[in-house]
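Undergrad: For the sequence shown, position 61 (counting from the first letter as 1) is numbered 61 according to UniProt numbering, and the numbering increases by one without interruption.
Beta carbons are placed, not taken as given, at the ideal position from N, Cα and C, and that holds for glycine.
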Amino acid sequence: MSINELQDEVIAEFNDFDDWMDRYQLLIDLGNEQEPLDEKYKTEQNLIEGCQSRVWLQADDVDGKIVFKAESDALIVKGIIALLIKVLSGHTADEILKADLYFIDKIGLKEHLSPTRSNGLLSMVKQIRMYALAFKAKEGR
């Protein structure tokens, strides 16, 4: 599936719920469904700066596609990073760098997060794009 198809799937999933308490529960469930991150990846290097909670993000090149794994010590944040991974993991660096992440606004995530969580979300997106840039630079050699 393309990044946009995955975003549309997420939007449809969130549109099933009118109440933001239900949407928060969906986020928590998404985070809990995620495979726990291997302890060896919970390093300072993998911590995302700018997040109030601790969020570790691991990126690996698998056959030219970037596969992300992550974990957080906060339930909602774990759900947010799970959403980003659902949409962006398994795509090429170029696809990730060109992606317009419209689903974040469409599901109302930004306006329903506290300012610190909103900043954290931006930091997560930035870190994912930084990994994509690094992988792209490696490919260019």
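(1) Measuring only from the beta carbon, is L121 closer than 6 Å to any heavy atom that is part of the ligand ATP?
(2) At 4 residues or longer, what runs of the alpha helix (DSSP H) sit wholly inside the region 62-99?
(3) Is L57 helix, strand or coil when you go by DSSP?
(4) I need the straight-line Cα distance from E5 to T92, nearest angstrom please.
(5) Short of 6 Å in beta carbon distance, which residues of its chain neighbour D60, apart from the five on each side in sequence? Order them along the chain.
(6) Does the beta-carbon distance from L109 to I96 come in below 7 Å?
TA: This is what the structure holds:
(1) You won't find the ligand ATP in this model; it holds no ligand whatsoever.
(2) For the region 62-99, whole alpha helix (DSSP H) runs of length 4 or above, ordered along the chain, are 75-88, 93-98.
(3) Position 57 of the sequence shown, counting from 1, holds the residue named residue 57. If DSSP states are grouped into helix, strand and coil, L57 belongs with the strands.
(4) The residue you call residue 5 lines up with position 5 of the sequence shown. The residue you call residue 92 lines up with position 92 of the sequence shown. Cα to Cα, E5 sits roughly 15 Å from T92.
(5) Numbered from 1 along the sequence shown, position 60 holds the residue referred to as residue 60. If we look at D60 and ignore the five residues flanking it on each side, its Cβ neighbours are V67.
(6) Numbered from 1 along the sequence shown, position 109 holds the residue referred to as residue 109. Numbered from 1 along the sequence shown, position 96 holds the residue referred to as residue 96. In this structure, L109 lies away from I96, with their beta-carbon atoms at least 7 Å apart.
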